[in-house]
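Step one of this worksheet: look at the structure below.
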Amino acid sequence: MGIKPFDIMPAAAGAARALPDAGRRQFAARMAALGAGAAGLGSLRLARAAGSDIVLANFGGDALRATNSCYVEPFQKANPGVKVRIDGSGPTSGKVKAIVESGRISWDVVDRNFHGSLELGPQGLLEEMDYSIVDGSKVLPGYAGKWGLGSYTYANVLTWNTKAFGGRAPRTWADFWNVKDFPGKRTMRKHTDGVLEAALLADGVPKDKLYPLDLPRAFKKLRELKDHLIFWNSHTESYQLLRDREVTMGCLASSRAVPLKRDTKGEIDYTFNEGSFFVSGWAVLKGAPSGKKVFEFIASTQDPQRQVEFFKQMGCGPINPAANAMIPADLQETNPSNPKHLAVMVAADNDWYAKNSADALKRFFDEVLA
Numbered sequence: 001m002g003i004k005p006f007d008i009m010p011a012a013a014g015a016a017r018a019l020p021d022a023g024r025r026q027f028a029a030r031m032a033a034l035g036a037g038a039a040g041l042g043s044l045r046l047a048r049a050a051g052s053d054i055v056l057a058n059f060g061g062d063a064l065r066a067t068n069s070c071y072v073e074p075f076q077k078a079n080p081g082v083k084v085r086i087d088g089s090g091p092t093s094g095k096v097k098a099i100v101e102s103g104r105i106s107w108d109v110v111d112r113n114f115h116g117s118l119e120l121g122p123q124g125l126l127e128e129m130d131y132s133i134v135d136g137s138k139v140l141p142g143y144a145g146k147w148g149l150g151s152y153t154y155a156n157v158l159t160w161n162t163k164a165f166g167g168r169a170p171r172t173w174a175d176f177w178n179v180k181d182f183p184g185k186r187t188m189r190k191h192t193d194g195v196l197e198a199a200l201l202a203d204g205v206p207k208d209k210l211y212p213l214d215l216p217r218a219f220k221k222l223r224e225l226k227d228h229l230i231f232w233n234s235h236t237e238s239y240q241l242l243r244d245r246e247v248t249m250g251c252l253a254s255s256r257a258v259p260l261k262r263d264t265k266g267e268i269d270y271t272f273n274e275g276s277f278f279v280s281g282w283a284v285l286k287g288a289p290s291g292k293k294v295f296e297f298i299a300s301t302q303d304p305q306r307q308v309e310f311f312k313q314m315g316c317g318p319i320n321p322a323a324n325a326m327i328p329a330d331l332q333e334t335n336p337s338n339p340k341h342l343a344v345m346v347a348a349d350n351d352w353y354a355k356n357s358a359d360a361l362k363r364f365f366d367e368v369l370a
């Protein structure tokens, strides 16, 4: 499925790879703090000047490769002369806002959490979804929005090294906080999605009482574990921390936990129990230079067979119910949309996140990471 070098846009991650191991995480943290720094604007202006037709932004790593092989290459084959280029530096809200407000629209479409469209759309930063081209019936109910369309499902799940605890396996977030019986460093995302839910569940909040999230309680619980935590900036980093045995446990996206278990031949395992269920979505930046072509690309990703292939590579559940039904029985165990897994997880409240995520993230940095 090889990725051609000219299909993947240069980003800050490239600069990070040139650093020594000890400096990579510091570099990533600085770039994340910049929000819309060089990776958000400068490198993209260069790529747009090179004449690409559609620029897609996602969070890189395995998602970049799977998006390229499952969606980009088939679309380009069916549309000769149209190029889709991928930037994997991460379409955070800050970057999207900076790009649109700059007037130099260097991204056309972003692949990020669905609630991001509910946050950014009302601010005038996104185009309305064109339902004359995309099909709102080809997603799970509730994920065909005014400014966003579901692209896949995933979960934030408890992940651990099976060789770290003498054969014992952590099963709950209370176990994650239990450093006596499950020693070693842990890792969590330097963000709120899924992290707040984990902290509150560890503190005894029932799953059906999580929302609205009690931020002071969640932050207090996170501070209890702070000395044992390494916060990761990129999904690729979360993968590497466990793979390199720098940590014994982590809160990872299932889209990283599934291939990590596969690549380590089961040394790294995960559980959907007490996971937080999220939906990722496509959103088109206001003034996207590619015009209608970007919606044609989004429509092409609704093909059920392509979503099944994306699931096989990434472990991300299909958003199209027709695709979900096509997943082989032996692979349903890794499908976050499997009803068995949904029954033991918490579905993220998208409306809560849309209204509160910016404030929650600021407070998270001020009250937990400071």
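According to UniProt numbering, numbering within the sequence shown proceeds without interruption in unit steps and concludes at 370. From the three backbone atoms N, C-alpha and C, an ideal C-beta is built for every residue, glycine too.
Arginine 189 to leucine 342 span [Cα, whole Å]: Sequence index remark: in the sequence shown, residue 189 carries index 189 (1-based). Sequence index remark: in the sequence shown, residue 342 carries index 342 (1-based). Using only the alpha carbons, I get a separation of about 22 Å.
Under 8 Å between C-beta atoms of valine 109 and alanine 288: The count along the sequence shown starts at 1 and reaches residue 109 at position 109. The count along the sequence shown starts at 1 and reaches residue 288 at position 288. Alanine 288 sits close to valine 109, with the two beta carbons spaced by under 8 Å.
Run of the beta strand (DSSP E) containing methionine 249, from where it starts to where it stops: One-based indexing of the sequence shown puts residue 249 at position 249. DSSP places methionine 249 in the uninterrupted beta strand (DSSP E) bounded by 249-253.
Neighbour-count burial assignment, alanine 370, 16 or more Cβ in a 10 Å radius: By one-based count along the sequence shown, residue 370 stands at place 370. That one is exposed.
Three-state secondary structure assigned by DSSP to residue 420: Residue 420 lies beyond the residue range present for the chain, which begins at 1 and ends at 370; the question has no answer from this structure.
The beta strand (DSSP E) enclosing tryptophan 282, as first and last residue numbers: As a first step, residue 282 is located in the sequence shown; it is residue number 282 there, counting from the start. Per DSSP, the unbroken beta strand (DSSP E) holding tryptophan 282 starts and ends at 268-284.
C-beta contact flag for threonine 264 and arginine 245 at 8 Å: Position 264 of the sequence shown, counted from the start, is the residue given in the question as residue 264. Position 245 of the sequence shown, counted from the start, is the residue given in the question as residue 245. Contact: no.
Nonlocal neighbours in the same chain, by C-beta distance under 6 Å from proline 321, ignoring five residues either side: Counted from its first residue, the sequence shown places residue 321 at position 321. So the list is empty, once near-sequence residues are dropped.
Chain-order list of residues whose beta-carbon lies under 6 Å from that of glycine 61 (same chain, five-residue window excluded): For the purposes of this step, residue 61 is taken as the residue at position 61 of the sequence shown. Only His235, Thr236 meet the Cβ criterion.
Simplified DSSP assignment, three categories, for aspartate 359: For the purposes of this step, residue 359 is identified with residue 359 of the sequence shown, where counting begins at 1. Three-state result, aspartate 359: helix.
Local conformation of valine 134 per DSSP, three classes: On the sequence shown, position 134 is the one that residue 134 refers to. Reduced to three states, the DSSP call for valine 134 is coil.
Cα-Cα separation, lysine 185 to leucine 149: Counting from one through the sequence shown, the residue named residue 185 turns up at place 185. Counting from one through the sequence shown, the residue named residue 149 turns up at place 149. Answer to the nearest angstrom: the Cα atoms are 37 Å apart.
Range of the contiguous beta strand (DSSP E) that encloses leucine 229: By one-based count along the sequence shown, residue 229 stands at place 229. Boundaries of the beta strand (DSSP E) around leucine 229: 229-232.
Residues that DSSP places opposite tryptophan 147 in a beta bridge: For the purposes of this step, residue 147 is taken as the residue at position 147 of the sequence shown. None; tryptophan 147 has no bridge partner.
8 Å Cβ cutoff met for asparagine 113 and phenylalanine 278: Counting from one through the sequence shown, the residue named residue 113 turns up at place 113. Counting from one through the sequence shown, the residue named residue 278 turns up at place 278. Taking 8 Å as the Cβ cut-off, asparagine 113 and phenylalanine 278 qualify as a contacting pair.
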